[in-house]
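Chains as they are written, first to last, in our numbering: chain R, 45 to 165; chain Y, 345 to 987; chain D, 42 to 550. Beta carbons: idealized from backbone N, C-alpha and C, even for Gly. All values reported here derive from a predicted model rather than from experimental measurement.
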């Protein structure tokens with residue numbers, strides 16, 4: 045069996061699990077317990093926590109939308125890097141292909157723009 | 345038995361001349377059925393005439409082809425219409441075969457079929473669905489003709505399923521009766537069991553011989569191993585048992601009597617139920633090549649004929665008695681085709697004579713019901729001879745024919761079968777001969793009971809019937825014609841049928857003699873029948889109680905419960921199936937129905953509760969997928985490292 | 042610096058793909074720039090034109106057998122046949138999706154993510170539906186076509202995601218029973234993502250094993266490797282899980298009934314017909330090209346999966362009370378029959394499988410088309426008890442549905458018989474006797490639920506509130522006629538299509 049190269053990996057997994065379990069288990073035992081109002085509130089990445097319905101509520105979908113759009117165009121830029129690096133070697137073919145790729149992304153961009161995806165309200 | 349058969353090659357001549365158009369036989373009723381269904385109400389007024397006409401013309405054509413075939417030397421005509429499934433090794437054509445065996449079936453189907461069509465005009469006169477009824481009848485005739493004219497097993501199977509479908513439609517024709525609907529379903533499902541057998545046989549032929557053509561299969565039989573031949577034979581037999589209502593798949597046939605009576609006459613007496621016999625006779629090269637397969641066929645026939653007789657004695661419903669008598673008569677046919685050799689032709693002969701007298705008996709029963717407000721309980725008949733003379737006489741002739749009184753049809757066909765059973769070598773001859781003989785006595789008993797309780801003795805009618813009437817001419821004329829057939833067909837067929845069928849069924853025409861001479865067997869059979877009939881007459885000539893009396897012996901109880909066939913099916917097939925289903929349902933989607941029902945109850949209120957439920961389910965689904973993946977991996981690991 | 046070899050691209054061979062994706066892209070632009078009132082009238086002809094053009098392009102390149110785009114795509118017989126089937130079935134699906142007469146505004150709502158039961162949700166239920174469904178459908182179909190032609194693992198994964206994502210969204214757009222529809226979408230998405238992860242993990246392991254992504258390279262590497270290579274067998278197992286999920290084989294079928302029930306019926310039809318076809322297209326290629334010469338005994342496991350699929354699908358169908366769930370379980374069982382053809386691992390098996398997929402697709406689309414028509418005040422009446430007595434109310438549609446049920450049950454002279462015959466005889470040719478016997482038994486069991494529907498329609502008294510069958514619009518009528526003609530036609534004269542499938546049954550590479 046050729047499982048031997050995986051033994052270190054398995055060891056690392058075990059180590060990670062042990063560490064995580066240990067930290068979580070030990071923290072309440074060793075740490076001081078001082079509760080105040082601010083500590084019991086939801087933490088929202090620096091934003092003042094907005095009042096929310098009791099059942100848990102929902103996060104405004106606009107955040108997701110913006111985040112997704114960012115990822116899409118971010119990924120596009122990442123694709124442009126290697127092409128830019130080897131622009132010479134790829135020649136006209138690469139240029140045309142890249143134009144097609146950008147055009148495709150711009151179709152999506154046009155859609156998002158025209159249908160109000162970029163408006164916050 | 346048949347030793348030399350296998351060495352002779354089977355080959356069918358291509359169709360020429362007049363015979364090259366014999367596909368018309370199937371096309372005529374099929375087109376008529378399509379017209380009747382598609383034209384809808386527009387055809388209501390003349391639809392039944394078109395239905396009759398198409399079958400009538402098919403019968404005339406059948407006669408023309410019959411005489412053309414007699415004039416030919418090869419005695420067969422094969423017609424390839426087009427290629428059905430052309431995939432390199434899987435070559436199935438749409439081809440038809442017309443040979444002596446098919447030709448007699450064509451005449452039986454179209455002839456009896458035509459009479460029953462005519463009878464139905466009167467019988468269904470007041471039914472609003474008459475056009476639809478004729479469309480289904482036509483469809484049935486077309487499918488049945490395809491079954492007997494198919495030139496390979498796939499074509500036969502297509503016809504086979506077609507008749508099953510048409511019979512389902514016809515049994516459930518009166519769909520407002522729950523019993524009819526259930527019976528239709530039962531027939532369809534039990535037939536499916538048989539069909540699986542038939543299909544497996546076809547696949548097996550294809551896998552071992554690379555073809556499903558009759559010619560190739562029959563010529564290839566000697567090259568197969570004994571086990572394969574046995575397997576093909578038994579699988580074909582399973583199919584045949586399903587369609588012909590033989591043990592252990594006999595339970596659907598009597599229930600099928602819920603359909604309109606002409607249907608019972610056409611499908612469940614004269615034609616479709618004999619398809620199993622046709623299949624075995626057609627495949628005689630396969631069955632003759634394996635003695636075990638033959639023994640199984642004989643045993644099935646013998647068991648069934650006894651079952652049919654015993655239950656027939658205990659039933660009070662006129663159509664059910666006839667249905668069980670059909671079961672037992674087909675048992676005789678299976679017995680005959682299982683015996684092999686010359687008895688193949690005897691089985692076919694009994695099939696033909698049975699077609700006449702059983703169709704006549706059913707039409708008679710229909711006529712009685714027609715005059716008695718659809719009463720079917722023979723305890724509430726009696727004394728009808730005076731009111732329905734034509735029905736009584738035609739029914740009586742059919743009755744005498746079925747119990748084998750010479751010189752009526754049944755005598756000529758059943759008697760030789762019993763003799764052939766006795767001629768089987770060894771102790772099995774005595775066993776099967778004895779059973780056949782006992783069956784003859786029992787048949788005489790319950791048929792006499794039926795006849796006496798219906799037509800003779802005191803009136804025991806229900807109050808609402810004041811004056812039973814004879815049926816109209818469209819009903820009586822077919823009955824008279826069938827009665828003539830019941831009288832004369834046996835003698836006529838005994839003159840030449842066996843020789844005529846030789847090209848299809850092999851050259852042996854001499855029935856061997858067993859330990860008992862033919863004369864002895866004849867005397868025994870007639871004697872036993874007369875005793876059975878006399879006993880029944882003495883018991884029932886004064887009528888019987890109006891209600892079913894509590895059974896005194898376990899045999900009667902068992903017989904009334906159809907020998908527990910339904911109970912058996914339920915415990916052996918339905919129960920495990922139901923348990924399995926329930927278990928699977930429990931594990932697979934325990935909460936889904938609750939979820940759906942909850943949704944129906946009200947989307948607004950319970951929405952958050954439902955949402956919580958849903959996430960649970962996705963989790964459990966993911967868990968199923970994960971464990972599936974683990975099982976697949978583990979299994980792969982096991983086969984990899986385990987070996 | 043090493044010189045780059047630019048891969049030659051056979052544009053004629055991939056023209057059908059480009060046409061379908063192009064139709065999708067133009068569709069997105071239409072959404073962006075065409076006024077709302079005109080979108081429906083532009084989108085439907087556009088997509089249909091794109092699909093018809095793709096079909097014509099496919100016919101014109103029907104004899105091509107090339108590997109193009111640097112070996113990423115194999116435009117060979119099976120790819121072309123399956124793409125043809127996909128486009129043909131896709132056209133019928135689009136006809137169903139485009140229907141707006143049966144339900145005012147179409148079967149879709151404008152926005153998938155609006156919370157069910159809120160005011161805005163109620164408002165959108167009376168507005169015309171989203172026209173984005175057409176480009177989404179185009180991308181889904183294009184992805185499926187790509188999936189059938191993908192000749193390496195990465196292309197295959199990209200194609201898998203391309204056709205899955207639009208489907209997740211389409212599932213959530215049902216106009217009625219919003220909650221059920223959204224639930225279906227979320228389930229499909231989560232479980233789909235889960236199985237994609239398996240697939241991707243399998244791809245990674247196999248790359249680690251072979252050092253190449255292409256199926257041919259994989260086969261060569263696998264033929265040499267010992268049977269105990271961990272990477273290889275783990276990779277195969279993971280990859281299989283991903284593929285079997287898409288094909289809805291037991292035990293990876295759990296999503297099917299819920300999703301089929303919740304999704305808008307036209308989309309359900311498309312999933313049952315097209316997604317199934319694409320998934321098996323991929324399976325055929327992976328198993329007959331990638332792992333053909335493998336020195337690993339994985340057949341028994343797949344046989345077990347096939348048997349379980351046939352049995353569970355058939356048995357579970359018996360107890361269903363919802364017509365869409367019933368059809369879902371029947372599609373699971375049918376996946377088992379198709380897999381029987383795959384496991385024949387022969388050219389007859391490939392031909393039979395492809396024929397089965399196309400024949401089944403037409404029948405199942407027609408069946409779902411009938412489902413869209415049986416309606417009451419709350420939309421489609423899918424509970425079986427509501428179908429009672431339908432045969433008396435509208436004999437035409439009940440008759441039509443009966444023919445389709447008979448086809449599912451495998452009655453001769455329908456495509457159900459010829460296709461089952463083709464796969465089972467191929468499997469028997471490869472000595473898979475057990476599979477065939479189980480298949481026949483399972484199809485005998487499966488006849489029962491179909492029959493129950495027929496019995497219900499004809500043999501029950503129509504209740505006071507029995508739903509009526511809406512008069513279909515032109516699109517649905519056309520879809521129904523095409524489905525019915527294909528079902529009967531492939532049953533009576535299957536010859537030409539079977540021959541076509543046989544000529545197209547050998548993979549390249």
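Kindly provide the ranges of any alpha helix (DSSP H) runs that are 4 or more residues long and lie completely inside the region 489-540 of chain Y, ordered along the chain. 497-515
Let me confirm a value: residue 439 (chain Y) is counted as buried when at least 16 other C-beta atoms fall within 10 Å, else exposed. Which label applies? buried
Counting contacts by CB-CB distance shorter than 9 Å, is residue 430 (chain Y) in contact with chain D? yes
Nearest by alpha-carbon distance to residue 141 (chain R): which of D:533, D:288, D:233, D:47 is it? D:47
Leaving aside the five residues before and after residue 116 (chain D) along the sequence, list all residues of the same chain whose C-beta is less than 8 Å from its C-beta, in chain order. 51, 54, 55, 102, 105, 106, 107, 108, 109, 190
If you check the beta carbons only, do residue 761 (chain Y) and residue 709 (chain Y) fall under 9 Å apart? no
Per DSSP, what kind of secondary structure is residue 415 (chain D) in: helix, strand or coil? strand
Does the separation of the CB atoms of residue 376 (chain Y) and residue 479 (chain Y) fall below 9 Å? yes
In three-state DSSP terms, what is residue 103 (chain D)? coil
9 Å is my cut-off, CB to CB: does residue 417 (chain D) come that close to chain Y? no
From the beta carbon of residue 125 (chain R), is the nearest beta carbon of chain D less than 9 Å away? no
Is it a yes or a no for the region 653-660 of chain Y touching the region 608-623 of chain Y, going by three-plus beta-carbon pairs under 8 Å? no
Using a Cβ cut-off of 9 Å (strictly closer), state whether residue 60 (chain R) contacts chain D. no
For residue 152 (chain R) and residue 173 (chain D), what's the separation of their Cα atoms in angstroms? 12 Å
Please identify the residue among D:534, D:122, D:450, D:49 whose C-alpha is closest to the C-alpha of residue 490 (chain D). D:450
So, are the CB atoms of residue 258 (chain D) and residue 249 (chain D) less than 9 Å apart? no
Reference residue 307 (chain D), options D:389, D:178, D:281, D:74, closest by Cα: D:178
Select from the region 458-486 of chain Y all residues with a C-beta closer than 9 Å to any C-beta belonging to chain D, and list them in chain order. none
What are the boundary residues of the beta strand (DSSP E) that residue 116 (chain D) is part of? 114-116
Report the three-state DSSP secondary structure of residue 119 (chain D) (helix, strand or coil). helix
For residue 375 (chain D), the three-state DSSP class (helix, strand or coil): helix
Looking at C-beta atoms only, is the number of pairs between the region 646-655 of chain Y and the region 685-700 of chain Y that lie closer than 8 Å three or more? no
In terms of DSSP beta bridges, what is residue 1030 (chain Y) paired with? Outside the modelled stretch of chain Y, which goes from 345 to 987, sits residue 1030 (chain Y), for which no answer is possible.
Residues of the region 46-69 of chain D whose Cβ lies closer than 7 Å to any Cβ of chain R, in chain order: 47, 66, 69
Residue nearest to residue 176 (chain D) in terms of C-alpha spacing, selected from D:312, D:208, D:157, D:202: D:208
Which first and last residues belong to the alpha helix (DSSP H) in which residue 449 (chain D) is found? 436-449
Taking 9 Å as the threshold (C-beta atoms), are residue 849 (chain Y) and residue 689 (chain Y) in contact? yes
Residue-chain proximity (residue 502 (chain Y), chain D), Cβ-Cβ < 9 Å: yes
Residue 394 (chain Y) Cβ short of 8 Å to the ligand SAH heavy atom set: Judged by which ligands are present, the structure shown has none, so any question about the ligand SAH falls away.
Output yes if chain Y places a C-beta closer than 9 Å to the C-beta of residue 540 (chain D); else output no. yes
Suppose the cutoff is 8 Å on Cβ atoms and the five residues either side in sequence are ignored; what does the same chain contact list for residue 952 (chain Y) look like? Below a pLDDT of 50, predicted positions are generally treated as unreliable, and residue 952 (chain Y), at 38, falls in that range; no measurement from the model is reported.
Using beta carbons (cut-off 9 Å, strictly below), is residue 73 (chain D) in contact with chain R? yes
CB-CB under 8 Å to residue 956 (chain Y), same chain, minus the five flanking residues each way: which ones, in chain order? Per-residue confidence for residue 956 (chain Y) stands at a pLDDT of 39, beneath the threshold of 50, marking its modelled position as unreliable; no derived number is given.
Reducing DSSP to helix, strand and coil, say where residue 420 (chain D) ends up. strand
Cutoff 7 Å; reference residue 471 (chain D); Cβ partners in own chain excluding five residues on either side: 385, 386, 387, 390
Neighbour flag for residue 435 (chain D) against chain R, beta carbons, 9 Å: no
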